[in-house]
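Asks:
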Amino acid sequence: MEVIFLHGWGLGGAQETEAFVEFLKVELGKKGVLTVHAPTYHPSGDEKRTSLPRFLEELRVLAQSIATRKLQLAIVGFSVGGFLAATFQELYPDLVARVVLLGPAIDNFARNFEGRPIEQWYMPESYVKELSNLSARPAIRVPVMLIHGDEETDAGGSAMWRVKEWAAREKFDMCFYPEGLGHCMEVADAIPGGRGGLIDWLVSGAAPIGTGSNAA
Numbered sequence: 016m017e018v019i020f021l022h023g024w025g026l027g028g029a030q031e032t033e034a035f036v037e038f039l040k041v042e043l044g045k046k047g048v049l050t051v052h053a054p055t056y057h058p059s060g061d062e063k064r065t066s067l068p069r070f071l072e073e074l075r076v077l078a079q080s081i082a083t084r085k086l087q088l089a090i091v092g093f094s095v096g097g098f099l100a101a102t103f104q105e106l107y108p109d110l111v112a113r114v115v116l117l118g119p120a121i122d123n124f125a126r127n128f129e130g131r132p133i134e135q136w137y138m139p140e141s142y143v144k145e146l147s148n149l150s151a152r153p154a155i156r157v158p159v160m161l162i163h164g165d166e167e168t169d170a171g172g173s174a175m176w177r178v179k180e181w182a183a184r185e186k187f188d189m190c191f192y193p194e195g196l197g198h199c200m201e202v203a204d205a206i207p208g209g210r211g212g213l214i215d216w217l218v219s220g221a222a223p224i225g226t227g228s229n230a231a
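In the working numbering, the protein residues as written are 16 to 231.
(1) Exposed or buried, alanine 221, counting other C-beta atoms within 10 Å across all chains shown (16 or more means buried)?
(2) DSSP on aspartate 156, reduced to helix/strand/coil?
(3) If you check the beta carbons only, do serine 141 and alanine 120 fall under 8 Å apart?
(4) How would you call glutamate 194, buried or exposed, if buried means at least 16 neighbouring beta carbons within 10 angstroms?
(5) Just to confirm my understanding: we take glutamate 31, look at its own chain, exclude 5 residues before and 5 after, and list those with CB closer than 7 Å. What are they?
(6) Here's a check: name, in chain order, each residue in its chain whose Cβ is nearer than 6 Å to the Cβ of isoleucine 214, leaving out the five neighbours to either side.
(7) Measure the C-alpha to C-alpha separation of glutamate 105 and tryptophan 176 and round it to an integer number of angstroms.
(8) Since proline 53 contacts valine 76 with CB under 8 Å, what's their CB separation in whole angstroms?
(9) When you compare each of Gly47, Glu62, Val202, His57 to glutamate 73 by their alpha carbons, which one comes out closest?
(10) In angstroms with no decimal places, state the Cα-to-Cα distance between alanine 89 and glutamate 17.
(11) As a quick exercise: from Asp165, Lys85, Phe128, pick the residue whose alpha carbon is nearest that of asparagine 148.
(12) Considering only their Cβ atoms, is the gap separating phenylalanine 191 from leucine 146 smaller than 8 Å?
(13) Taking the alpha carbon of methionine 138 as the point to measure from, which residue in Leu49, Lys46, Glu62, Lys45 has its own alpha carbon closest?
(14) Please report the distance separating the alpha-carbon of valine 202 from that of proline 68.
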């Protein structure tokens, strides 16, 4: 198995992201997972050059190379990275064994751009059009663990009511809503077994490549 970690929007949480990726490398390494990829969807760190379809295609190429080597792929995504992880498994379920979503940011177009004049958009029009063409709440086609703080709001990622509606509709395999936590990667510490529980779930019982399913 190989693992891809997808970061949240922007580079403001770079240190937190680096620490989490290092944690994944160390703990997954103990389980025999020797490669953790951490690609960025901000070319050269520039948010305004972000192209979601281009990044999803880059992910497809990477995932296909992993599948070619007869290895399974798991994806962990935080915030917008969680949305992209969910989107990717919707598009390419045969390339993904399972997914962990940490505070996924969904309904992105509706929350940030819909109904607002173009001059209030903080991203180029091309990006907004790309975003509007993606599923606001991707269909879940592989086993998914969701961890979402009960104090999440639309100001950070997505309000909990949005994510709960999504999870109920798609019948996620595992859902945790840690109390007293908002939009942060620390939600991973608040599930049974803490981050170790996340690691154990990630590497155990993964579906074989090509059998995208919604059963754990």
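Using N, Cα and C, we set each Cβ at its ideal position, and we do this for glycine too.
As the structure is a computational prediction, the values presented were derived from the model and not from experiment.
Replies: Answer, in terms of the structure:
(1) In the sequence shown, the residue the question calls residue 221 occupies position 206. Legend: pLDDT at alanine 221 = 46, less than 50; position of this residue unreliable, no value from coordinates given.
(2) If you number the sequence shown from 1, residue 156 lands on position 141. Before going further, note that residue 156 is arginine rather than aspartate in the sequence given. Three-state DSSP puts arginine 156 in coil, outside helix and strand.
(3) The sequence position of residue 141 within the sequence shown is 126, counting from 1. The sequence position of residue 120 within the sequence shown is 105, counting from 1. No, Cβ-Cβ distance for serine 141 and alanine 120 is not below 8 Å.
(4) Stepping through the sequence shown from its first residue, residue 194 is reached at position 179. With fewer than 16 Cβ atoms within 10 Å of its Cβ, glutamate 194 is classed as exposed.
(5) As a first step, residue 31 is located in the sequence shown; it is residue number 16 there, counting from the start. Excluding positions up to five away in sequence, the list reads Met200.
(6) Indexing the sequence shown from 1 puts residue 214 at position 199. Around isoleucine 214: Glu42.
(7) On the sequence shown, position 90 is the one that residue 105 refers to. On the sequence shown, position 161 is the one that residue 176 refers to. Going by the C-alpha atoms only, they are around 22 Å apart.
(8) Within the sequence shown, residue 53 is the residue found at index 38, counting from 1. Within the sequence shown, residue 76 is the residue found at index 61, counting from 1. Note on residue identity: the sequence assigns alanine, not proline, to residue 53. About 16 Å separates the two Cβ atoms, so there is no contact after all.
(9) In the sequence shown, residue 73 corresponds to position 58, counting from 1. Nearest option by C-alpha distance: His57.
(10) Within the sequence shown, the letter at position 74 stands for residue 89. Within the sequence shown, the letter at position 2 stands for residue 17. Each residue's Cα considered, the two are about 6 Å apart.
(11) The residue you call residue 148 lines up with position 133 of the sequence shown. Among Asp165, Lys85, Phe128, the Cα nearest to that of asparagine 148 belongs to Phe128.
(12) By one-based count along the sequence shown, residue 146 stands at place 131. By one-based count along the sequence shown, residue 191 stands at place 176. Their beta carbons are not under 8 Å apart, which means leucine 146 does not touch phenylalanine 191 by this criterion.
(13) If you number the sequence shown from 1, residue 138 lands on position 123. Ranking the options by Cα distance to methionine 138, first place goes to Glu62.
(14) For the purposes of this step, residue 202 is identified with residue 187 of the sequence shown, where counting begins at 1. For the purposes of this step, residue 68 is identified with residue 53 of the sequence shown, where counting begins at 1. Approximately 28 Å, taken between the alpha carbons.
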